[in-house]
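**Student:** Before we start, here is the structure in question, set down as structure tokens.
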Amino acid sequence: MTGFSPGRTRLLRGMTGFSPGLTGLLHGMTGFLLRRAAGALVTLLAISVIIYAVFYIAPGDVAQITCGPRCSPAQVAQVSEQLRLDDPVYVRYRDFLQGIFAGRDYSTGTGTEHCAAPCLGLSYQSDQQVTQLILAKLPVTGSLALGAMVMWLILGVGTGVLSAWRRGRVTERVLTAVTLAGTATPVFVIGLLLMIVACGQLNWLPFPQYVPFTDDPQQWAWNLLLPWLSLALIEAAKYARLTRASMLETLADDHVRTFRAYGVGERSIIGKHALRGAFAPVIALSANDFGSMFGGAVLSETLFGLPGMGRELVHAVKVVDLPVVVGMVLVTGFFVVLANAVADVLYAVADRRVVLS
Amino acid sequence: MSPIPDKAHSLVHVTDLVVDFGETRAVDRLSFTLDRGAALGLVGESGSGKSTVASALLGLHRGTGANVGGEVRVGGIDVQEASGAELRRLRGGKAAMVFQDPLSSLDPYYAVGDQIAEVYRVHTGASRRAARARAVEVLDRVGIADAVRRARSRPHEFSGGMRQRALIAMALACEPELLIADEPTTALDVTVQAQILDLLHVLRAETGMGLLLVTHDVGVAAESVDDVLVMRYGRSVERGPVREVLGAPREAYTRELLGAVPRVDSPREASAPVRGDVVLEAVGLRREFGRGKRAFPAVDGVSLTVRRGETLGIVGESGSGKTTLGRMLVGLLDPSAGEIRHGGDPSPGGVRAGVQMVFQDPVSSLNPRRAVGESIADPLRARGEHDDAVVRARVRALMERVGLDPAYYGRYPHEFSGGQRQRVGIARALAAEPRVIVCDEPVSALDVTTQAQVTALLAELQEEHGLALVFIAHDLAVVRQVSDRVAVMRQGRIVEQGSVDEVYGAPRQAYTKQLLAAVPALDPEAAARRRTARGELAAA
Numbered sequence: 001m002t003g004f005s006p007g008r009t010r011l012l013r014g015m016t017g018f019s020p021g022l023t024g025l026l027h028g029m030t031g032f033l034l035r036r037a038a039g040a041l042v043t044l045l046a047i048s049v050i051i052y053a054v055f056y057i058a059p060g061d062v063a064q065i066t067c068g069p070r071c072s073p074a075q076v077a078q079v080s081e082q083l084r085l086d087d088p089v090y091v092r093y094r095d096f097l098q099g100i101f102a103g104r105d106y107s108t109g110t111g112t113e114h115c116a117a118p119c120l121g122l123s124y125q126s127d128q129q130v131t132q133l134i135l136a137k138l139p140v141t142g143s144l145a146l147g148a149m150v151m152w153l154i155l156g157v158g159t160g161v162l163s164a165w166r167r168g169r170v171t172e173r174v175l176t177a178v179t180l181a182g183t184a185t186p187v188f189v190i191g192l193l194l195m196i197v198a199c200g201q202l203n204w205l206p207f208p209q210y211v212p213f214t215d216d217p218q219q220w221a222w223n224l225l226l227p228w229l230s231l232a233l234i235e236a237a238k239y240a241r242l243t244r245a246s247m248l249e250t251l252a253d254d255h256v257r258t259f260r261a262y263g264v265g266e267r268s269i270i271g272k273h274a275l276r277g278a279f280a281p282v283i284a285l286s287a288n289d290f291g292s293m294f295g296g297a298v299l300s301e302t303l304f305g306l307p308g309m310g311r312e313l314v315h316a317v318k319v320v321d322l323p324v325v326v327g328m329v330l331v332t333g334f335f336v337v338l339a340n341a342v343a344d345v346l347y348a349v350a351d352r353r354v355v356l357s
Numbered sequence: 001m002s003p004i005p006d007k008a009h010s011l012v013h014v015t016d017l018v019v020d021f022g023e024t025r026a027v028d029r030l031s032f033t034l035d036r037g038a039a040l041g042l043v044g045e046s047g048s049g050k051s052t053v054a055s056a057l058l059g060l061h062r063g064t065g066a067n068v069g070g071e072v073r074v075g076g077i078d079v080q081e082a083s084g085a086e087l088r089r090l091r092g093g094k095a096a097m098v099f100q101d102p103l104s105s106l107d108p109y110y111a112v113g114d115q116i117a118e119v120y121r122v123h124t125g126a127s128r129r130a131a132r133a134r135a136v137e138v139l140d141r142v143g144i145a146d147a148v149r150r151a152r153s154r155p156h157e158f159s160g161g162m163r164q165r166a167l168i169a170m171a172l173a174c175e176p177e178l179l180i181a182d183e184p185t186t187a188l189d190v191t192v193q194a195q196i197l198d199l200l201h202v203l204r205a206e207t208g209m210g211l212l213l214v215t216h217d218v219g220v221a222a223e224s225v226d227d228v229l230v231m232r233y234g235r236s237v238e239r240g241p242v243r244e245v246l247g248a249p250r251e252a253y254t255r256e257l258l259g260a261v262p263r264v265d266s267p268r269e270a271s272a273p274v275r276g277d278v279v280l281e282a283v284g285l286r287r288e289f290g291r292g293k294r295a296f297p298a299v300d301g302v303s304l305t306v307r308r309g310e311t312l313g314i315v316g317e318s319g320s321g322k323t324t325l326g327r328m329l330v331g332l333l334d335p336s337a338g339e340i341r342h343g344g345d346p347s348p349g350g351v352r353a354g355v356q357m358v359f360q361d362p363v364s365s366l367n368p369r370r371a372v373g374e375s376i377a378d379p380l381r382a383r384g385e386h387d388d389a390v391v392r393a394r395v396r397a398l399m400e401r402v403g404l405d406p407a408y409y410g411r412y413p414h415e416f417s418g419g420q421r422q423r424v425g426i427a428r429a430l431a432a433e434p435r436v437i438v439c440d441e442p443v444s445a446l447d448v449t450t451q452a453q454v455t456a457l458l459a460e461l462q463e464e465h466g467l468a469l470v471f472i473a474h475d476l477a478v479v480r481q482v483s484d485r486v487a488v489m490r491q492g493r494i495v496e497q498g499s500v501d502e503v504y505g506a507p508r509q510a511y512t513k514q515l516l517a518a519v520p521a522l523d524p525e526a527a528a529r530r531r532t533a534r535g536e537l538a539a540a
């Protein structure tokens with residue numbers, strides 16, 4: 001084909017490639033993010049109202065439990081007075097909201113303690129500020145969730161790609177069996193097994209112990225590797241199946257036929273065109289799973305002896321420590337909402353046909 | 001591989017090609033050749049095996065479980081025997097394919113330019129930069145304005161015509177010797193179809209590449225190729241120069257096929273104006289979609305009347321608002337403004353038994369999990385007829401009337417052919433004893449011979465019941481064939497309205513003239529004249 005006139009080459013000047021900038025895209029999202037934030041606020045408020053209501057209706061004398069089984073009625077009455085349990089529930093809820101937005105003061109017998117906004121109240125049990133309590137536990141659970149997510153994405157998506165590529169062959173069947181076995185086994189079995197073998201017998205890994213990232217990043221990762229792996233093994237099958245299904249669906253699409261008909265190799269078709277189709281569902285599912293890790297990590301935290309939010313929450317529920325429960329659940333809810341918003345944005349970045357509204 | 005002298009100079013050489021999908025024989029001992037630089041049209045109705053042949057030329061059946069026999073040579077390569085690497089070099093390098101649906105044929109996630117560049121790199125090993133430059137060059141060549149910028153667009157940001165141009169650009173990227181176009185214009189509007197066919201015409205003249213055009217539309221073939229090969233049941237019916245095959249067909253099937261094709265220029269008996277009562281009237285209908293700044297009117301001030309016993313055709317390109325209008329007439333959509341009157345009375349809105357609808361896609365407009373008899377019975381039951389014996393008897397009578405065996409009452413939609421399913425749709429519409437039936441693209445999913453049967457059925461039913469029909473279609477020739485009066489829609493408005501003879505014989509509006517000039521002609525000479533006329537209209 002020599003029909004191109006020389007004048008056309010001037011079109012080519014200043015070419016830099018075809019990927020459009022992200023700035024413009026993100027700029028168009030401001031409205032979406034604002035609406036999303038407002039929606040999140042309403043959701044979180046609704047959650048707090050429901051938890052207040054549930055604990056108000058739930059049986060059991062909170063003052064008695066808080067004070068301990070050996071307290072005299074007078075002492076119980078004092079505790080009840082101090083915790084302001086005698087106030088009507090709407091007054092307590094109003095004070096709680098005020099604490100979040102403006103901060104509030106607490107009398108501590110000797111004087112007053114100021115709890116700055118966002119104040120989630122004081123623990124009934126320890127008088128510690130709930131905010132402080134959560135801040136202490138959050139990095140543990142956060143580390144656990146984040147690392148596990150990275151691992152399950154690598155394991156799950158990798159397995160999914162392999163089994164889509166080798167569909168119908170031995171590789172796929174073996175991979176399917178392994179990942180299914182992973183899903184079918186509870187975390188305390190997998191985790192315990194791994195711990196016995198990798199930590200006890202072979203001494204490859206230390207028995208998990210939380211080392212803050214800021215203290216020693218290497219030890220942080222080294223210690224958490226086992227919990228991450230156990231959690232990832234359990235989640236991986238779900239992601240493998242999702243990835244495989246989306247990829248097989250894309251592989252049957254017309255545009256894949258186009259690239260086959262243009263001599264593009266199978267590796268490029270799988271790795272570039274088909275994998276791209278699996279992004280959206282994987283992102284959406286990850287966001288959900290990541291968010292629910294915050295409230296649901298109690299099993300793994302207990303098993304591996306990690307002082308995270310899940311264990312704290314279960315304990316707080318047991319002793320009816322309302323401020324701690326509300327605070328923990330709100331923070332968990334916040335992460336679920338946040339993860340989903342991030343997923344939506346990623347979704348729109350990955351697929352330009354998506355219009356956020 | 002030593003080229004056999006006799007086969008070397010032909011670009012495509014197919015001998016005794018057989019393709020089996022399991023028990024089904026899709027192509028049955030088909031042989032044909034295509035010389036370098038020549039253009040051949042494979043014409044046939046759905047199921048004739050024409051697309052299967054196109055795929056076989058690129059070895060696309062390999063690995064799909066289809067059984068391919070016979071010999072296929074393209075550009076000297078034996079497609080059956082070629083190694084994987086040889087086959088990949090052939091695909092896109094020597095022979096490139098353009099598909100029917102340009103939206104789904106491009107990867108939605110990547111920029112159009114990147115997709116073309118990828119194909120170019122696979123075949124030439126060019127640098128990314130050079131490949132992108134080539135992508136812009138070919139996009140510009142196929143008439144994409146501002147190609148540097150548009151190369152960065154994703155396929156969904158292109159219109160249908162631009163997407164098809166982009167696919168053609170991809171095909172051109174590696175300067176193939178053969179272009180295989182599989183129904184390249186079927187998903188496009190008639191004016192866009194004309195542009196794409198003109199583009200193929202020009203490119204062929206400039207590059208000297210061969211063209212294999214697969215199409216169900218005889219007119220499209222007449223516009224674009226030198227030779228046609230008519231296919232049926234996987235076999236060749238007739239092959240010869242376009243003029244001979246279309247002008248003086250030797251085979252009965254070819255004659256039948258040509259006879260069924262509706263034309264915009266065939267002689268037509270002048271229809272007397274229908275003077276029946278007005279059964280349906282629309283006054284100043286308007287319908288907006290979206291809110292606030294995004295609101296746009298799909299239908300913008302349409303007034304029309306439909307009389308007893310008459311057919312009002314509504315033509316327009318996609319997005320002209322004709323379907324929205326049809327849905328408002330039936331009461332499936334409420335107008336944002338304006339009024340619909342039934343027999344002179346203002347309608348309170350909602351679906352009324354007096355106005356029924358026949359939909360475009362007979363597959364998706366029937367519930368796949370309900371027996372067709374039950375689907376036809378729905379409107380009867382909706383009107384309060386609960387005596388099962390009465391309902392069944394009525395449904396059987398209706399089925400018989402539309403040409404379906406009443407014994408098929410309990411069968412499911414997937415057991416029927418497209419034409420039969422549309423008959424079910426018509427029976428369902430008739431069940432409510434309407435005065436008006438709005439048909440939205442009732443035959444556009446059907447083959448021409450089936451199309452002719454369904455339109456004939458509609459005409460009979462109209463005669464029998466004094467029905468008024470509103471016939472919505474993008475196909476100008478079909479509308480001309482069935483209608484008494486025609487309304488031409490564009491951007492939500494009726495731009496021209498009148499009797500068929502007025503609108504088709506002496507169009508007043510430039511847009512109507514443009515539409516008519518874009519309709520493919522069956523006669524190659526007329527096609528050439530229209531191509532010139534299109535050029536003049538575009539220049540004006």
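Going line by line, the protein sequences match chains A and B. All residue numbers in the first sequence are consecutive under the numbering used here, ending with 357. All residue numbers in the second sequence are consecutive under the numbering used here, ending with 540. Every residue, glycine too, gets a C-beta built ideally from N, C-alpha and C.
Measuring CA to CA, which of B/Q356, B/V274, B/R134 and B/R396 is closest to B/A382?
**Tutor:** Your numbering for residue 382 of chain B matches position 382 in the second sequence. Residue B/Q356 is the option with its Cα nearest to B/A382.
**Student:** What is the residue span of the alpha helix (DSSP H) that B/Q356 lies within?
**Tutor:** Reading the second sequence from its first residue, position 356 is the one you call residue 356 of chain B. Where B/Q356 is concerned, there is no enclosing alpha helix (DSSP H), although the beta strand (DSSP E) it sits in stretches over V355 to V358.
**Student:** Would you say B/V500 and B/R480 are within 7 Å of each other, going by their C-beta atoms?
**Tutor:** The residue labelled residue 500 of chain B in the question sits at position 500 within the second sequence. The residue labelled residue 480 of chain B in the question sits at position 480 within the second sequence. Yes, these two residues count as a Cβ contact at 7 Å.
**Student:** Leaving out the 5 sequence neighbours to the left and right, which residues in its chain are closer than 7 Å to B/S2 when beta-carbon positions are compared?
**Tutor:** Working through the second sequence from its first residue, we reach residue 2 of chain B at position 2. No answer about B/S2 holds up, because its pLDDT of 42 lies below 50 and its placement is not dependable.
**Student:** Does the segment 57-64 of chain B touch the segment 134-147 of chain B, meaning 3 or more C-beta pairs lie closer than 8 Å?
**Tutor:** Segments in contact, no.
**Student:** State buried or exposed for A/T214, treating a residue as buried only when at least 16 other CB atoms are found within 10 Å of its CB.
**Tutor:** The residue labelled residue 214 of chain A in the question sits at position 214 within the first sequence. Under this definition A/T214 is an exposed residue.
**Student:** Is there a Cβ of chain A sitting closer than 7 Å to that of B/R91, yes or no?
**Tutor:** In the second sequence, counting from the first residue as 1, residue 91 of chain B sits at position 91. So yes, B/R91 belongs to the interface.
**Student:** Against chain A, does B/H13 count as a neighbour if the rule is that its beta carbon must be under 7 Å from one of theirs?
**Tutor:** Here residue 13 of chain B refers to the residue found at position 13 when the second sequence is read from its first residue. No, B/H13 lies away from the interface with chain A (no Cβ there is under 7 Å from its Cβ).
**Student:** Comparing C-alpha positions only, which one of A/L346, A/R311, A/L41 and A/P323 sits nearest to A/R84?
**Tutor:** For the purposes of this step, residue 84 of chain A is taken as the residue at position 84 of the first sequence. The shortest Cα separation from A/R84 among A/L346, A/R311, A/L41 and A/P323 belongs to A/P323.
**Student:** Taking its Cβ as the centre, do 16 or more other Cβ atoms sit within 10 Å of B/E23, making it buried, or is it exposed?
**Tutor:** Working through the second sequence from its first residue, we reach residue 23 of chain B at position 23. So B/E23 ends up on the exposed side.
**Student:** Does the distance from the C-beta atom of B/R286 to that of B/S336 stay below 7 Å?
**Tutor:** Translated into positions along the second sequence, residue 286 of chain B becomes position 286. Translated into positions along the second sequence, residue 336 of chain B becomes position 336. Result yes, Cβ atoms of B/R286 and B/S336 sit closer than 7 Å.
**Student:** DSSP on B/G247, reduced to helix/strand/coil?
**Tutor:** The residue you call residue 247 of chain B lines up with position 247 of the second sequence. B/G247 falls in the helix class under three-state DSSP.
**Student:** In angstroms, rounded to a whole number, what distance separates the CA positions of B/T323 and B/D198?
**Tutor:** As a working mapping, residue 323 of chain B is identified with position 323 in the second sequence. As a working mapping, residue 198 of chain B is identified with position 198 in the second sequence. Each residue's Cα considered, the two are about 29 Å apart.
**Student:** Leaving out five residues before and five after B/P249 in sequence, what residues of the same chain have Cβ atoms less than 7 Å from its Cβ?
**Tutor:** As a working note, residue 249 of chain B is residue 249 in the second sequence. Cβ within range, chain order: E238, R255 and L258.
**Student:** Ordered along the chain, which non-local residues of its own chain (more than five positions away) have a Cβ less than 6 Å from that of A/F207?
**Tutor:** Within the first sequence, the letter at position 207 stands for residue 207 of chain A. Here the set comprises C199.
**Student:** Beta-carbon within less than 7 Å of A/R166's beta-carbon, same chain only, minus the 5 sequence neighbours each way: which residues are those?
**Tutor:** Taking the first sequence and counting its residues from 1, one reaches residue 166 of chain A at position 166. Cβ neighbours of A/R166 beyond the five flanking positions: E172.
**Student:** Tell me the DSSP secondary structure of A/T141 in three-state form.
**Tutor:** Taking the first sequence and counting its residues from 1, the one referred to as residue 141 of chain A is at position 141. Reduced to three states, the DSSP call for A/T141 is helix.
**Student:** So that I know if they touch, is there some Cβ in chain A lying closer than 7 Å to that of B/S444?
**Tutor:** Here residue 444 of chain B corresponds to residue number 444 of the second sequence, with the count starting at 1. Taking Cβ atoms only, chain A never reaches closer than 7 Å to B/S444, which makes this a no.
**Student:** Could you name the residues of the same chain whose beta carbon sits closer than 7 Å to that of B/A429, not counting the 5 residues immediately before and after it, in chain order?
**Tutor:** In the second sequence, the residue the question calls residue 429 of chain B occupies position 429. These residues qualify, in order along the chain: Q356, M357, V358 and I437.
**Student:** Name the chain A residues that come within less than 9 Å of B/D101, Cβ to Cβ?
**Tutor:** Position 101 of the second sequence holds residue 101 of chain B. Those are D254, listed as they occur along chain A.
**Student:** Give a yes or no on whether the minimum CB-CB distance between A/R353 and chain B is below 7 Å.
**Tutor:** Your numbering for residue 353 of chain A matches position 353 in the first sequence. Yes, A/R353 lies at the interface with chain B (some Cβ there is under 7 Å from its Cβ).
**Student:** Hey, would you say B/G313 sits closer than 7 Å to B/V299, going by beta carbons?
**Tutor:** Your numbering for residue 313 of chain B matches position 313 in the second sequence. Your numbering for residue 299 of chain B matches position 299 in the second sequence. Taking 7 Å as the Cβ cut-off, B/G313 and B/V299 do not qualify as a contacting pair.
**Student:** As a quick exercise: from B/D101, B/F296, B/T305 and B/I340, pick the residue whose alpha carbon is nearest that of A/T258.
**Tutor:** Taking the first sequence and counting its residues from 1, one reaches residue 258 of chain A at position 258. That would be B/D101, whose Cα lies nearest to the Cα of A/T258.
**Student:** With B/R165 and B/V148 assumed to form a contact (beta carbons below 8 Å), what rounded beta-carbon distance in angstroms separates them?
**Tutor:** In the second sequence, counting from the first residue as 1, residue 165 of chain B sits at position 165. In the second sequence, counting from the first residue as 1, residue 148 of chain B sits at position 148. Rounded, the Cβ-Cβ distance is 15 Å, inconsistent with contact.
**Student:** Cβ atoms of A/R104 and B/Y551: under 7 Å apart, would you say?
**Tutor:** An answer regarding residue 551 of chain B cannot be provided, because it is not within the stretch 1 to 540 covered by chain B.
**Student:** I'd like to know whether the C-beta of B/V74 is nearer than 7 Å to at least one C-beta of chain A.
**Tutor:** If you number the second sequence from 1, residue 74 of chain B lands on position 74. No, B/V74 does not count as interfacial toward chain A.
**Student:** Hey, is A/G31's beta-carbon within less than 7 Å of any beta-carbon in chain B?
**Tutor:** One-based indexing of the first sequence puts residue 31 of chain A at position 31. Chain B, which has no Cβ nearer than 7 Å to the Cβ of A/G31, makes this no.
**Student:** Would you tell me roughly how many angstroms separate the C-alpha atoms of A/R311 and A/E301, rounded to the nearest one?
**Tutor:** Taking the first residue of the first sequence as position 1, residue 311 of chain A is located at position 311. Taking the first residue of the first sequence as position 1, residue 301 of chain A is located at position 301. Going by the C-alpha atoms only, they are around 7 Å apart.
**Student:** Can you name, in chain order, every residue of its own chain whose Cβ lies under 8 Å from the Cβ of B/L304, other than the five neighbours on each side?
**Tutor:** Your numbering for residue 304 of chain B matches position 304 in the second sequence. Excluding positions up to five away in sequence, the list reads E281, A282, L312, A487, I494 and Q497.
**Student:** Can you name the residues of chain A whose CB is closer than 7 Å to the CB of B/D107?
**Tutor:** Locating residue 107 of chain B in the second sequence gives position 107, where the first residue counts as 1. Residues of chain A passing the Cβ test: H255 and H273.
**Student:** Would the segment 262-271 of chain A and the segment 77-94 of chain B be scored as touching if the rule is three or more Cβ pairs under 8 Å?
**Tutor:** Result yes; three or more Cβ-Cβ pairs closer than 8 Å.
**Student:** Give a yes or no on whether the minimum CB-CB distance between A/A261 and chain B is below 7 Å.
**Tutor:** Locating residue 261 of chain A in the first sequence gives position 261, where the first residue counts as 1. Answer yes: the Cβ-Cβ gap between A/A261 and chain B drops below 7 Å somewhere.
**Student:** Return yes when the Cβ of A/A164 is within less than 7 Å of the Cβ of A/K248, no when it is not.
**Tutor:** Here residue 248 of chain A corresponds to residue number 248 of the first sequence, with the count starting at 1. Here residue 164 of chain A corresponds to residue number 164 of the first sequence, with the count starting at 1. Note on residue identity: the sequence assigns Leu, not Lys, to residue 248 of chain A. Yes, they are a contact pair.
**Student:** In chain order, which continuous runs of the alpha helix (DSSP H) of length 4 or greater are located wholly inside the segment 255-325 of chain B?
**Tutor:** Entirely contained in the segment 255-325 of chain B, not one alpha helix (DSSP H) run reaches 4 residues.
**Student:** Determine whether the Cβ of A/A339 lies closer than 7 Å to any Cβ atom of chain B.
**Tutor:** Taking the first residue of the first sequence as position 1, residue 339 of chain A is located at position 339. By this cut-off, A/A339 is not an interface position.
**Student:** Count the other CB atoms within 10 Å of the CB of B/D388; is the residue buried (16 or more) or exposed (fewer)?
**Tutor:** Translated into the one-based positions of the second sequence, residue 388 of chain B becomes position 388. B/D388 should be labelled exposed.
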